[in-house]
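In the numbering used here, the protein residues as written are 67 to 451.
Cβ coordinates follow ideal geometry from the N, Cα and C atoms, glycine included.
Just so it is clear, the structure is predicted and the values come from calculations on it, not from any experiment.
The structure appears right after this line, and notes come after that.
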């Protein structure tokens, strides 16, 4: 606890050279634990409501913002007026007056099928998503690559495919010196940056689970003291299966009957079932994988808010490579415009890192995007760009 407090103080000591900047951390009022990915809503310079989130460690950074609304589906919403440049905000856990299993003629599986079918119809209208994206790669728990960018996704109506334009970008690399890991220094993110929005709108991962007989889908209705209701669908893997199975949840807003959040990850109980598989000249074993996504439903259309995809795998290649590789991609949507003209051409690479370093502004300090974790920031600061 003392170590955590010292790190917290150091975090705030070095970050306040700018006027009108606020850095903070959001915690559970009862446990004092940090709360990741909390919604932070505020008005921009034009008076329009916009927002950002805390990072995985509950931290946030805001510029020229004095008043915000802090919200999380499991906590009471709180309005905060900033009077100091460093703040700790405590949220009170919600008390649910109703949290019960739904008994219905429509199974959780069939209910999810219908929701996803409807969502695909309402996903896009030749839209432009202005976004901020990050890619992070680690080898044997050491950071090797970091890249981020301000990007525009132009989404074609009906199929979710995107034309991607990268406006500004950074790419940072550290060469590992040991003979084993150095072979993998050229490895980037395992996913295609052009397809991230498509993955999200296709409810990446959930459809495959619905088709499998290895899962059950329990529906719960939750209601808090204010009357706010939502449906929580728990994805439960078959406990007796020897397959590598996933677990997770889907949150459905009861008023709109639309999906507002889902998360799917390899079940801790089934990670032991992961096996080494031959892939071309290498052998791979999946250690972990997670997909997390948030939406809002506006003007009869699903709008992506946030998408996160992460993986961890073991690679065996000849005598030199016996390594654990992990990667994370975050995409935060800053603005959405509909009925736009779709460009004919866009970025042709597979990862942000391939775009290199090309920026005229410190875009990562703009739009109040959630800050890096402390260990990530140390890596970025250690490499001269």
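Given residue i as reference, the closest of the options once Cα atoms are compared
i, options, result
"residue 276", "180, 222, 202, 345", "180"
"residue 220", "192, 232, 107, 92", "192"
"residue 218", "394, 236, 198, 207", "198"
"residue 122", "418, 284, 93, 132", "93"
"residue 367", "176, 100, 158, 405", "405"
"residue 210", "419, 435, 423", "419"
"residue 411", "195, 394, 108, 260", "260"
"residue 416", "258, 223, 148", "258"
"residue 302", "322, 422, 426, 329", "329"
"residue 96", "331, 112, 239, 158", "158"
"residue 340", "289, 400, 381", "381"
"residue 445", "240, 154, 176, 91", "240"
"residue 448", "309, 299, 212, 287", "212"
"residue 503", "171, 168, 91", "Since the first residue of the chain shown is 67 and the last is 451, residue 503 is not available in this structure."
"residue 278", "310, 287, 267", "310"
"residue 353", "441, 268, 365, 378", "378"
"residue 269", "178, 160, 147, 435", "178"
"residue 312", "286, 343, 355", "355"
"residue 267", "195, 208, 286", "195"
"residue 441", "208, 176, 114, 151", "208"
According to DSSP, residues forming a beta bridge with residue i
i, result
"residue 298", "286, 317"
"residue 100", "93"
"residue 266", "Answer by DSSP bridge pairing: none, since residue 266 is not bridged."
"residue 430", "In the DSSP output, where bridge partners are listed per residue, residue 430 has none listed."
"residue 406", "DSSP lists no partner for residue 406."
"residue 388", "382"
"residue 106", "118, 136"
"residue 444", "None; residue 444 has no bridge partner."
Cβ neighbour criterion (16 or more within 10 Å) applied to residue i
i, result
"residue 282", "exposed"
"residue 119", "buried"
"residue 230", "buried"
"residue 316", "buried"
"residue 336", "buried"
"residue 138", "buried"
"residue 163", "exposed"
"residue 393", "buried"
"residue 112", "exposed"
"residue 305", "exposed"
"residue 132", "exposed"
"residue 98", "exposed"
"residue 345", "exposed"
"residue 86", "exposed"
"residue 174", "buried"
"residue 170", "exposed"
6 Å CB neighbourhood of residue i in its chain, flanking five on each side removed
i, result
"residue 307", "280"
"residue 360", "327, 371, 372"
"residue 127", "89, 437"
"residue 116", "110"
"residue 422", "237"
"residue 430", "214"
"residue 363", "322, 324"
"residue 433", "400"
"residue 369", "362, 402"
Separation of residue j from residue i, as counted between CA atoms
i, j, result
"residue 291", "residue 141", "11 Å"
"residue 398", "residue 105", "12 Å"
"residue 439", "residue 348", "32 Å"
"residue 284", "residue 183", "19 Å"
"residue 245", "residue 331", "Interpretation of residue 245 is limited by its pLDDT of 46, a score under 50 that renders its predicted location unreliable; the figure taken from the coordinates is listed afterwards. In a straight line, the C-alpha of residue 245 is about 32 Å away from that of residue 331."
"residue 272", "residue 314", "9 Å"
"residue 443", "residue 166", "42 Å"
"residue 333", "residue 149", "43 Å"
"residue 203", "residue 413", "21 Å"
"residue 186", "residue 100", "34 Å"
"residue 478", "residue 383", "Nothing can be reported for residue 478, as the shown portion of the chain is limited to 67 through 451."
"residue 358", "residue 385", "36 Å"
"residue 338", "residue 387", "22 Å"
"residue 396", "residue 374", "5 Å"
"residue 168", "residue 293", "18 Å"
"residue 288", "residue 129", "36 Å"
"residue 300", "residue 274", "15 Å"
"residue 160", "residue 435", "26 Å"
Other residues of its chain near residue i: CB distance less than 7 Å, five sequence neighbours each side excluded
i, result
"residue 320", "295, 296, 297"
"residue 135", "107, 143, 145"
"residue 147", "132, 133"
Nonlocal neighbours in the same chain, by C-beta distance under 8 Å from residue i, ignoring five residues either side
i, result
"residue 409", "220, 229, 231"
"residue 472", "Because residue 472 is not part of the residues shown, which for the chain are 67 to 451, the question remains open."
"residue 234", "215, 216, 424, 425, 426, 427, 429"
"residue 201", "211, 212, 213, 214, 254, 255, 259, 393, 394, 395, 417, 418, 419"
"residue 342", "349, 350, 351, 380, 382"
"residue 286", "165, 166, 167, 168, 297, 298, 299, 300"
8 Å Cβ cutoff, residue i in contact with chain D
i, result
"residue 258", "Going by chain labels, chain D is absent from the structure shown, which holds only one protein chain."
Any non-hydrogen atom of the ligand MG within 7 Å of residue i CB
i, result
"residue 387", "The ligand MG is absent from the structure shown, which contains no ligands of any kind."
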